[in-house]
Amino acid sequence: LNEDLIEAISLGHDIGHAPFGHDGEKFLSDLSLQYGLGHFLHNLQSVRALERIEKKGRGWNLTLQVLDGILCHDGELHSQALHPDREKDFQKINKEIKDKEDDPSINLYPMTMEGCVVRMADTISYIGRDIEDAIRLGLIKRDDIPEYCRRILGETNGTIVYSLVEDLITNSLNKPYICFSEEVGDALNRLKEFNTENIYTSNMPWKQTLKIELMFKLLFERYFNNLEKGDESSDIYREFLEGMSSEYMDNTPNAGIVRDFIAGMTDEYFLAQCRKHLIPQTKSTLFQ
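Under the numbering used here, the final residue of the sequence shown carries the number 328; numbering is consecutive throughout.
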């Protein structure tokens, strides 16, 4: 395997993640649909960021294989086996991006073995870690993990990672594709379903999803109105669009610019923007 290709895909695969993880991705996707942009998905945004946003809109001129691996890395869609789809070119990748924007449930397959490895590694890296985080936050107890999954994979992040890696190597060795055994693949799929039901779509108060959703909506509207009015004092001009290429400006609608700006924020920067723009500012007065 080409380790440089694996590293390049790995470094770029999550650069398109919105603030606040799964919740932020959903909120930004809802707003993108509302403004006529199509679904927002972090793997699509990663490709967009590297091709059309980075270097002030000029992009990094990455190879087809790197971009494909990033596009198809989504480990949340379950696959017991991944067979490389080697008949790809830039035209097909562009079509896959458009199809995925229209229907996020479409399962895209990498064109290289390296891309397949990164996708499987993406699943292995988060599935047990998310369980440990959920236990620490009080969302679930370790005994809540399905008995079948505990028996096949283990019940801690360390044992889950070891079980998955060992099984993947054993069953993929000397084959032209990457795969888990059927038993481990089934246990992994059940564990994903458990995580989805008990962690990712949980309505526990700590997530404060309603507050975060409202902040996404209000901040999106504010930036959009700034662009519509040409208010160049706005942070979206000063901290994002300043020096941006004419190609980006000419080919990106205002709603798309807002999407790209918010998608590139960290949690901390997003909250700082909310405090700056959404919370009334007062001057302290000393009373004697």
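Glycine residues also receive a C-beta, built at the ideal position from the N, C-alpha and C atoms.
- Rounded to the nearest angstrom, the gap between the Cα atoms of E222 and N147 is 19 Å.
- In the same chain as G52, and ignoring 5 residues on each side of it, the C-beta atoms closer than 8 Å to its own belong to S86, L90, L102, V106, I110, in chain order.
- The DSSP-derived three-state label of L41 is coil.
- By a beta-carbon distance limit of 8 Å, E195 does not contact R176. Their separation comes to about 14 Å.
- Exclusion of the five residues before and after G97 leaves M284, S285, E287, Y288 as the residues of its chain whose Cβ lies within less than 7 Å of its Cβ.
- Out of D108, L68, V158, E136, the CA that lies nearest to the CA of S50 is found in V158.
- Under the three-state reduction of DSSP, L177 is assigned to coil, being neither helix nor strand.
- Beta-bridge annotation (DSSP): A121 is paired with C219.
- In this structure, I167 is the residue among L68, G61, I167 with its C-alpha nearest to the C-alpha of L204.
- Here S285 carries a coil assignment [DSSP, helix/strand/coil].
- Distance from the Cα of L71 is smallest, within the candidate group L254, H317, L193, for L254.
- When the Cα atoms are used, Y188 and L179 turn out to be separated by approximately 20 Å.
- Distances from the alpha-carbon of G155 to those of K95, E47, K135 put E47 closest.
- In this structure, the beta-carbon distance from L104 to E141 does not fall below 8 Å.
- In the DSSP assignment, M255 falls within the unbroken alpha helix (DSSP H) covering 249-269.
- Close CB contacts of L250 within its chain, under the 7 Å cut and outside five residues either way in sequence, are absent.
- Within the same chain, and ignoring the five residues on either side of Y75 in sequence, the residues whose Cβ sits closer than 7 Å to its Cβ are A295.
- Residue environment: K269 is assigned as exposed (fewer than 16 neighbouring CB atoms within 10 Å of its CB, all protein chains considered).
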